[in-house]
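Peer 1: Mind looking over this structure? Questions follow.
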């Protein structure tokens with residue numbers, strides 16, 4: 005999950021008024037929205053939430069100036085609901101607009117994300133939590149690739165705790181429903197031999 009690039013704008017408070025960026029009430033509302041989003045993800049089949057914080061935005065001074073505020077609020081909102089990762093992008097990793105990542109870097113991010121998921125599954129099975137309430141994430145998931153870095157203060161918790169917290173959800177993937185698709189049959193042409 006990565007959000008926040010265009011979040012430097014006012015938030016409607018539901019009463020026909022707006023919370024102006026970056027006032028205290030805006031910061032509280034933003035943090036609460038991140039927390040609710042994380043809870044929603046955890047409550048609806050996401051066993052592990054990997055939350056990528058904002059990169060340095062080397063080509064956009066406006067986004068770079070607000071990065072620390074957005075990241076601080078996202079860290080507070082995600083809390084222990086997911087694992088936070090830092091995106092280590094460089095100026096050449098962005099597209100022409102200076103905001104979105106280019107194709108090769110997006111593939112590196114995907115590879116690093118899959119490495120995190122694999123390492124999480126292989127290195128920290130649910131049986132570890134028979135003895136441990138939480139486990140330090142960085143030593144377990146350190147070698148995931150250069151595009152994403154695990155924050156040093158991150159901890160992994162058991163997914164079973166989140167399931168047992170009273171949230172009604174299934175850990176199984178949704179059932180695949182097979183659909184028949186009609187195929188158009190074209191007659192073969194006969195070859196005439198002379």
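Numbering (the numbering used here), first residue to last: 5 to 198.
Heads up, the beta-carbon is just placed ideally off N, CA and C, and yes, glycines get one too.
I believe residue 45 touches residue 5 by the beta-carbon criterion, under 8 Å. Please report the beta-carbon distance rounded to the nearest angstrom.
Peer 2: With a Cβ gap of about 7 Å, residue 45 and residue 5 count as contacting.
Peer 1: When you compare only the Cα positions, how much space is there between residue 37 and residue 71?
Peer 2: Using only the alpha carbons, I get a separation of about 17 Å.
Peer 1: Work out the CA separation of residue 17 and residue 41 for me, nearest whole Å.
Peer 2: Using only the alpha carbons, I get a separation of about 17 Å.
Peer 1: Helix, strand or coil: how does DSSP classify residue 6 here?
Peer 2: Residue 6 falls in the coil class under three-state DSSP.
Peer 1: Identify the residues that DSSP records as bridge partners of residue 74: which are they?
Peer 2: Answer by DSSP bridge pairing: none, since residue 74 is not bridged.
Peer 1: Which first and last residues belong to the beta strand (DSSP E) in which residue 53 is found?
Peer 2: Here residue 53 belongs to no beta strand (DSSP E), and DSSP marks it neither H nor E.
Peer 1: Rounded to whole angstroms, what's the CA-CA distance from residue 123 to residue 21? Just pull it up for me.
Peer 2: Approximately 45 Å between the Cα atoms of the pair.
Peer 1: Given a threshold of 16 other Cβ atoms within 10 Å of its Cβ, counted over all protein chains shown, does residue 58 qualify as buried or as exposed?
Peer 2: Classification for residue 58: buried.
Peer 1: Quick check: what's the CA-CA separation for residue 52 versus residue 120?
Peer 2: Spanning the two alpha carbons is a distance of roughly 10 Å.
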